[in-house]
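A.B. asks:
In my numbering, the protein residues as written are 8 to 95.
Below is the structure:
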């Protein structure tokens, strides 16, 4: 999990790797997702893109769910420093 406070808004990125990998990153109203679980990706990608967003309403900001790539996940992981005694 990585949390970053930015002038333009907070960001977070989450990577989980049990049997399949799950990668979520959020920035400025856009949640991007990727998973090595092809069944999950197929289900999410079949949702009409217009139904993967919520307009701003009642003071809440615009929100959108969008796919990203395994390459984006790899770039995120490559930028992390390894934990002591953890993965290199």
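Virtual Cβ for every residue (Gly too), placed ideally from N, Cα, C.
Do residue 27 and residue 42 count as a contact pair if the criterion is CB distance below 7 Å?
C.D. replies: Here residue 42 refers to the residue found at position 35 when the chain shown is read from its first residue. Here residue 27 refers to the residue found at position 20 when the chain shown is read from its first residue. Yes; because the gap between Cβ atoms is below 7 Å, this pair is in contact.
A.B. asks: To which residues of the same chain is residue 68 closer than 7 Å at the C-beta, ignoring the five residues directly before and after it?
C.D. replies: Taking the chain shown and counting its residues from 1, one reaches residue 68 at position 61. Same-chain partners within the cutoff: 36.
A.B. asks: Between residue 74 and chain C, is the shortest Cβ-Cβ distance under 7 Å, so that the two count as touching?
C.D. replies: Protein chains in the displayed structure number just one, and chain C is not present.
A.B. asks: Among all the DSSP beta bridges, which residues are the ones paired with residue 39?
C.D. replies: The residue you call residue 39 lines up with position 32 of the chain shown. Beta-bridge pairing links residue 39 to 32, 73.
A.B. asks: From the DSSP output, in three-state form, read off residue 52 for me.
C.D. replies: Position 45 of the chain shown, counted from the start, is the residue given in the question as residue 52. Residue state, collapsed to three classes: helix.
A.B. asks: I need the straight-line Cα distance from residue 54 to residue 40, nearest angstrom please.
C.D. replies: On the chain shown, residue 54 is found 47 positions in, with the first residue counted as 1. On the chain shown, residue 40 is found 33 positions in, with the first residue counted as 1. The straight-line gap from Cα to Cα measures roughly 13 Å.
A.B. asks: Check each candidate in 23, 17, 62, 15 and name the one with the smallest Cα separation from residue 8.
C.D. replies: For the purposes of this step, residue 8 is identified with residue 1 of the chain shown, where counting begins at 1. The option with the nearest alpha carbon to residue 8 is 23.
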